[in-house]
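Quick look at the structure:
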């Protein structure tokens, strides 16, 4: 029987496999500075744009951002969350945002144990 409160915490096998794959990849990555991460992310976004054979001007227009904002995002020179989200949506990659910060999962047994440990506030 499924408990309604726990439904939000359940994951499909595909989600578990994907998250485990991402975690395994991250464990092999060297520690990077925020600047290095921004640069690597920008390179990946640029590669996806080129793979789609879309110019910077066309993608910026589709995303509703300036070409300069896209140039900054692709070069890792700093950007806004809005620019990142708009660009990913324009590339058809908005589903990838769910992997940025996965929904935390809790096992049903952990939920039961946590309920037993709670006490009243006085």
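Residue numbers (this note's numbering): 165 to 286.
A virtual CB, placed ideally from N, CA and C, is assigned to each residue, including glycine.
- Residue range 198 to 215 is occupied by the alpha helix (DSSP H) that includes residue 206.
- In this chain, residue 241 is not harboured by any alpha helix (DSSP H), its DSSP state being neither H nor E.
- DSSP, read as helix, strand or coil, puts residue 249 in helix.
- The Cβ-Cβ distance between residue 237 and residue 243 falls below 7 Å.
- Under the 10 Å beta carbon count, residue 232 is surrounded by fewer than 16 other beta carbons and is classified as exposed.
- Residue 223: member of the alpha helix (DSSP H) spanning 220 to 227, first to last residue.
- In the structure shown, residue 257 falls within a coil segment according to DSSP collapsed to helix, strand and coil.
- Of all alpha-carbon atoms in 199, 195, 228, 208, the one lying nearest the alpha-carbon of residue 254 is that of 228.
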